[in-house]
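Chains as they are written, first to last, in my numbering: chain S, 1 to 430; chain B, 431 to 860.
Shown next, in structure tokens, is the structure this report addresses.
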């Protein structure tokens, strides 16, 4: 009898996969983070208040009044065709050539992640993911009983030799690798980006190993310093399933994301979507389509870039100014996140109570690994708070770290968390 | 090498569950059904044009302009709390006592179906379902590798003795039954409703067998002749997971449904929802919540009931007037569907080309069985077409059936479809 069986009479009925469904470590932190006296560097919420709410509202009113019979009705499981045509234009910014017919609209890119995993992963199959990787992707892989094997990153993202070595080891062990999951651009949580030469090398390795690639690209158009990167999909459309999202470029409240996949995979994704949700919301799909057709979305995107760049700058300046020696962090060229490594001997989860008393919230690194690593790390987000709050939050965090360092100097390091440090390079190490 | 492997290079990568993902039989019919010269009695689309589109549009505008920062943001995986409170009021109409905390908002009730199945069903587990049952639920069960065992119905829904016998047989075979899936009120596709005495008996049987019940209730508030039925959940809240939806009482375009579940199950459904879609659309959830708070939804529901009752009446009158001898059909007290049984020797799928030339669309019965039954049956919907179209559609269908009967009289019955007729009672047989 487990403890759960005393309170849940259905505990013996659950499927084996339910054992992989466990509450995210970040959940308690998010409850704390929403308190008004707290500066939250924890969440990944885009700053939607920057949107022109009045005109978006007027657009919605016009949509319902004039196209209500479609907008309020069931739609196809593949998604609205006009929206899919507009999505092709968005992806063209990253040099992706796509036909509307090869796109499946999903409930955020999270649903695309789920559908792809559902389609490919049998229990025990291996999925490769960066170390660290996007937390909710790891939950999805676990929910489908995949075994996640992490591939090390450095400041330029996934390390090609490490990928090669991992594939060789798994092949020698007779393990079946179903796909490589990667966020190549402005990675969550690492904040690092794979440069063009490494992209080519990665695709070569995957071609040699006949490995499918799942390219998750929610931040690709939120770059601060240059033109959008060329997507992996652009160079290997038959090998790469591309996941996109309007959650960061417009707003998450629509829950409109998509998958671009080779035709055979696309057909099966449509069937999987149908059995999962019947169809997506016509209302939110038509709204996003209308936004792309009638609103100045390219200008809005520029505004977002400038705003998030200012926030990144505020965070990096504050880190430079306040962080004690021994801290290292990444310097993102876009996206929402900085990945921070604490000085030797400190543990980001053990430090949480101190952060709570300093009224600053962050996400401990352990949430971004499937193997218990990450205790030395922290994900800091700069997307939602204003620059002054960001500076204050980083200052408070530095106080918490200083206090932990004093404690360590007085009493020595605490019991090390298993797997908290690894010998492989990590982002922020250079 | 299968044929698929020549066109889909990824065919060897799919998970075992992908084999259960096959295109619905109704798909081709729906393409035909949308042509303007065709009267479609095929789809289950509610008549959303009856909604006050201007005021719904104004409500959306106000929502985005005044609550945009919430409506456009991420929300919790469980769903908006204020909406969950309103949902409790809606369920109270069916005598369900619920706390907002026990509800998980889902992408239509289809997602609730998927999450429950994902949570409980291991490959090879048995799910019990009515004969016939809702087509997309069967797809969902198949996608999770459940084995569906049908339990016969008659004009009063699921037959209790048949359920008892099925459970005894499966128990003797050592099979694990994970839950009974039932649409007890105005069933899709049967159009029949379980009366109160049978509800009590069904719950007794399930209690004896310690069987979980999945009560899918999208049509409960679309009754024509009486007060809403008391939900199964009202009498067995710890044994019944209740699924609800705003797709028929408001509009499908919002994709807002829900599951009401015992606390332990609810916790796991939230985790499953998070890994499946991260969170539902705040925009559509807040819109439905706002609709329930500010619009005369009870009056709207009355209008829908009157409108659909008129359509049901048109269909039943036309069936009485036109259908040849040997046809039988159910007489629904609510909901969207009539279940028709063809005269001996006729096959609803074989008859489709004739229906196409008569310009009438329907769904053959085989789509509503997991075991190949249903060739003698047709699902007719009266929800979307106007009464005059319904009458014309039924007339056209009767012409097609008459022609098939002539053919049968001349050449004898065709090769019988395996499993097309069963010895158990079926709805429309009385």
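Even for Gly, the Cβ is constructed at its ideal location relative to N, Cα and C.
Cβ-heavy atom distance, residue i to the ligand FAD, below 7 Å
i, result
"residue 352 of chain S", "The ligand FAD is absent from the structure shown, which contains no ligands of any kind."
Supposed contact pair residue j and residue i - C-beta distance, whole angstroms, cut 8 Å
i, j, result
"residue 245 of chain S", "residue 257 of chain S", "4 Å"
"residue 585 of chain B", "residue 857 of chain B", "6 Å"
"residue 767 of chain B", "residue 810 of chain B", "7 Å"
"residue 696 of chain B", "residue 573 of chain B", "Incorrect: roughly 23 Å between the Cβ atoms, too far for contact."
"residue 495 of chain B", "residue 57 of chain S", "4 Å"
"residue 615 of chain B", "residue 659 of chain B", "5 Å"
"residue 646 of chain B", "residue 596 of chain B", "Rounded, the Cβ-Cβ distance is 19 Å, inconsistent with contact."
Own chain partners of residue i with C-beta closer than 8 Å, once the 5 adjacent residues on each side are dropped
i, result
"residue 54 of chain S", "none"
"residue 405 of chain S", "324, 326, 343, 346"
"residue 273 of chain S", "77, 78, 104, 106, 111, 115, 279, 280"
"residue 100 of chain S", "81, 84, 85, 87, 88"
"residue 307 of chain S", "47, 50"
Distance, residue j Cα to residue i Cα
i, j, result
"residue 678 of chain B", "residue 720 of chain B", "17 Å"
"residue 121 of chain S", "residue 622 of chain B", "39 Å"
"residue 851 of chain B", "residue 803 of chain B", "Bear in mind that a pLDDT of 47 at residue 851 of chain B, under 50, signals an unreliable position, so the model cannot answer this."
"residue 206 of chain S", "residue 661 of chain B", "54 Å"
"residue 128 of chain S", "residue 151 of chain S", "7 Å"
"residue 783 of chain B", "residue 831 of chain B", "12 Å"
"residue 549 of chain B", "residue 399 of chain S", "44 Å"
"residue 384 of chain S", "residue 236 of chain S", "34 Å"
"residue 617 of chain B", "residue 764 of chain B", "9 Å"
"residue 651 of chain B", "residue 286 of chain S", "28 Å"
"residue 824 of chain B", "residue 624 of chain B", "27 Å"
"residue 471 of chain B", "residue 490 of chain B", "32 Å"
"residue 339 of chain S", "residue 356 of chain S", "19 Å"
"residue 11 of chain S", "residue 19 of chain S", "10 Å"
"residue 433 of chain B", "residue 452 of chain B", "Its pLDDT being 42, under 50, residue 433 of chain B is placed unreliably by the model, and nothing is read from it."
"residue 363 of chain S", "residue 627 of chain B", "54 Å"
"residue 189 of chain S", "residue 341 of chain S", "12 Å"
"residue 1 of chain S", "residue 571 of chain B", "Because residue 1 of chain S sits at a pLDDT of 36, beneath the cut-off of 50, its placement in the model cannot be relied upon, and the following sentence gives the value as read from the coordinates. Their Cα atoms are separated by approximately 29 Å."
"residue 726 of chain B", "residue 718 of chain B", "12 Å"
"residue 644 of chain B", "residue 673 of chain B", "7 Å"
"residue 294 of chain S", "residue 301 of chain S", "15 Å"
"residue 539 of chain B", "residue 255 of chain S", "17 Å"
Nonlocal neighbours in the same chain, by C-beta distance under 6 Å from residue i, ignoring five residues either side
i, result
"residue 722 of chain B", "516"
"residue 314 of chain S", "387, 390, 391"
"residue 843 of chain B", "775"
"residue 75 of chain S", "279, 282"
"residue 262 of chain S", "238"
"residue 209 of chain S", "167"
"residue 758 of chain B", "771, 858"
Exposure label - residue i; buried when at least 16 CB within 10 Å
i, result
"residue 114 of chain S", "buried"
"residue 657 of chain B", "exposed"
"residue 591 of chain B", "exposed"
"residue 522 of chain B", "exposed"
"residue 598 of chain B", "exposed"
"residue 125 of chain S", "buried"
"residue 728 of chain B", "exposed"
"residue 742 of chain B", "buried"
"residue 445 of chain B", "buried"
"residue 90 of chain S", "buried"
"residue 49 of chain S", "exposed"
"residue 204 of chain S", "exposed"
"residue 370 of chain S", "buried"
Beta carbon of residue i nearer than 8 Å to that of residue j
i, j, result
"residue 348 of chain S", "residue 321 of chain S", "no"
"residue 391 of chain B", "residue 13 of chain S", "As displayed, chain B neither begins before 431 nor continues past 860, which places residue 391 of chain B out of reach and without an answer."
"residue 44 of chain S", "residue 30 of chain S", "no"
"residue 462 of chain B", "residue 664 of chain B", "no"
"residue 642 of chain B", "residue 669 of chain B", "yes"
"residue 157 of chain S", "residue 280 of chain S", "no"
"residue 432 of chain S", "residue 82 of chain S", "The shown model of chain S, from 1 to 430, leaves out residue 432 of chain S, and the question about it has no answer."
"residue 525 of chain B", "residue 712 of chain B", "no"
"residue 916 of chain B", "residue 51 of chain S", "The requested residue 916 of chain B does not occur in the structure, where chain B is confined to residues 431 to 860."
"residue 117 of chain S", "residue 98 of chain S", "no"
"residue 9 of chain S", "residue 365 of chain S", "no"
Residues near residue i by beta carbon distance below 7 Å, same chain, minus five either side
i, result
"residue 789 of chain B", "467, 468, 469, 826"
"residue 170 of chain S", "126, 149, 177"
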